[in-house]
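A quick write-up on the structure given underneath.
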Amino acid sequence: MREDDLDEIMRIELRAYPFPWTIGIFRDCLRAGYPAWVLQADARLIGYGVLSVAADEAHVLNVCVDPADQGQGHGRRLLRGLERVARGLRVQRVFLEVRPSNPTAIALYHDEGFNEIGRRPRYYPAHEGREDAIVMAKELLSDAPTRMPS
Ligand SMILES: CC(C)(COP(=O)(O)OP(=O)(O)OC[C@H]1O[C@@H](n2cnc3c(N)ncnc32)[C@H](O)[C@@H]1OP(=O)(O)O)[C@@H](O)C(=O)NCCC(=O)NCCS
Numbered sequence: 001m002r003e004d005d006l007d008e009i010m011r012i013e014l015r016a017y018p019f020p021w022t023i024g025i026f027r028d029c030l031r032a033g034y035p036a037w038v039l040q041a042d043a044r045l046i047g048y049g050v051l052s053v054a055a056d057e058a059h060v061l062n063v064c065v066d067p068a069d070q071g072q073g074h075g076r077r078l079l080r081g082l083e084r085v086a087r088g089l090r091v092q093r094v095f096l097e098v099r100p101s102n103p104t105a106i107a108l109y110h111d112e113g114f115n116e117i118g119r120r121p122r123y124y125p126a127h128e129g130r131e132d133a134i135v136m137a138k139e140l141l142s143d144a145p146t147r148m149p150s
């Protein structure tokens, strides 16, 4: 993801989320050097994801597919791509938050091996007050086989 992409990203973000990020949040993530990637199809930007990484832990801050392109496996591809990036940075554990009212994302995360590890009460703004966040995590096991010392 580059700053040049942000107008296109904002067009998707505004359609995809009831409470979207501002362009300034994306810009801050890029300037802070967070790993941020776009998914393109036929040179058209159709999705994006942003991670933050600290020590051996990563946090999925945003993962989003253009509403016109959802339900075709792009979200799964994007999430796997972010996971690959995290593995490359030697991350061992990935966290994310999701709204209980977002069954599509929850189903995807479960399917990709994330488990609920807790809740953050009243974490998100909602149309009527606040909404909890489900916190999910996934351990990224090393691909290298481990061997007990003999
Ligand atoms: C969540 C999101 C990224 C998923 O992307 P997507 O491209 O639509 O998802 P995929 O086509 O890769 O589907 C992956 C899985 O999600 C689930 N899923 C997809 N569409 C679904 C639907 N309409 N209802 C329920 N589950 C659904 C299924 O488990 C699906 O796996 P399957 O195809 O094997 O059944 C996308 O819906 C999105 O951008 N939503 C708006 C932004 C958002 O909420 N992001 C997550 C914030 S935590």
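So in this note's numbering, spot 108 of the sequence shown is number 108, and the numbers just go up one at a time.
Glycine included, each C-beta is placed from N, C-alpha and C at the ideal position.
Original post:
If Trp21 sits next to Glu8, beta carbons under 8 angstroms apart, how far is it from one beta carbon to the other, in whole angstroms?
Top reply: Taking the sequence shown and counting its residues from 1, one reaches residue 21 at position 21. Taking the sequence shown and counting its residues from 1, one reaches residue 8 at position 8. Going by Cβ atoms, the distance from Trp21 to Glu8 rounds to 14 angstroms, so no, they are not a contact pair.
Original post:
Start and end of the beta strand (DSSP E) containing His59?
Top reply: Counted from its first residue, the sequence shown places residue 59 at position 59. From DSSP, the beta strand (DSSP E) with His59 extends over Glu57 to Val65.
Original post:
Rounded to whole angstroms, how far is the Cβ of Leu78 from the Cβ of Gly47, which I believe are closer than 8 angstroms?
Top reply: Taking the sequence shown and counting its residues from 1, one reaches residue 78 at position 78. Taking the sequence shown and counting its residues from 1, one reaches residue 47 at position 47. Going by Cβ atoms, the distance from Leu78 to Gly47 rounds to 5 angstroms, so yes, they are a contact pair.
Subject >> Per DSSP, the bridge partner or partners of Arg93 >> reply: One-based indexing of the sequence shown puts residue 93 at position 93. Glu57 and Glu139, per the DSSP bridge assignment.
Original post:
Would the beta-carbon of Pro125 be found less than 7 angstroms away from any heavy atom of ligand 1?
Top reply: Walking along the sequence shown from the start, residue 125 turns up at place 125. The answer is no for Pro125.
Original post:
Exposed or buried, which one is Glu3 when buried takes at least 16 other CB atoms within 10 Å?
Top reply: On the sequence shown, position 3 is the one that residue 3 refers to. Exposed is the call here.
**OP:** Tell me where the beta strand (DSSP E) around Arg119 begins and ends.
**Re:** The count along the sequence shown starts at 1 and reaches residue 119 at position 119. Arg119 -> beta strand (DSSP E) spans Asn115 to Ala126.
Original post:
Rounded to a whole number of angstroms, what is the C-alpha to C-alpha distance between Ile25 and Arg31?
Top reply: For the purposes of this step, residue 25 is taken as the residue at position 25 of the sequence shown. For the purposes of this step, residue 31 is taken as the residue at position 31 of the sequence shown. The straight-line gap from Cα to Cα measures roughly 10 angstroms.
Original post:
Per DSSP, Leu51 forms a beta bridge with which residues?
Top reply: Numbered from its first residue, the sequence shown carries residue 51 at position 51. Answer is Val60.
**OP:** Specify which residues have a beta carbon nearer than 6 angstroms to any heavy atom of ligand 1, listing them in chain order.
**Re:** Ala16, Tyr17, Val63, Cys64, Val65, Gln70, Gly71, Gln72, Gly73, His74, Gly75, Arg76, Val98, Asn102, Pro103, Thr104, Ala105, Ala107, Leu108 and Asp111
**OP:** Take the Cβ of Glu116 as the centre, count every other Cβ of all protein chains shown within 10 Å, and call the residue buried at 16 or more, exposed below.
**Re:** Translated into the one-based positions of the sequence shown, residue 116 becomes position 116. Exposed: under 16 other Cβ atoms inside 10 Å.
Subject >> Per DSSP, cross-strand counterpart(s) of Glu131 >> reply: On the sequence shown, position 131 is the one that residue 131 refers to. Glu131 is bridged to Tyr124.
Original post:
Tell me which same chain residues have a C-beta within less than 8 angstroms of the C-beta of Ala165, skipping the five on either side of it?
Top reply: Because the chain spans 1 through 150 in this model, residue 165 falls outside it and cannot be assessed.
Original post:
Ordered along the chain, which non-local residues of its own chain (more than five positions away) have a Cβ less than 8 angstroms from that of Arg76?
Top reply: For the purposes of this step, residue 76 is identified with residue 76 of the sequence shown, where counting begins at 1. Within the same chain, Arg76 has close Cβ partners Leu108, Asp111 and Glu112.
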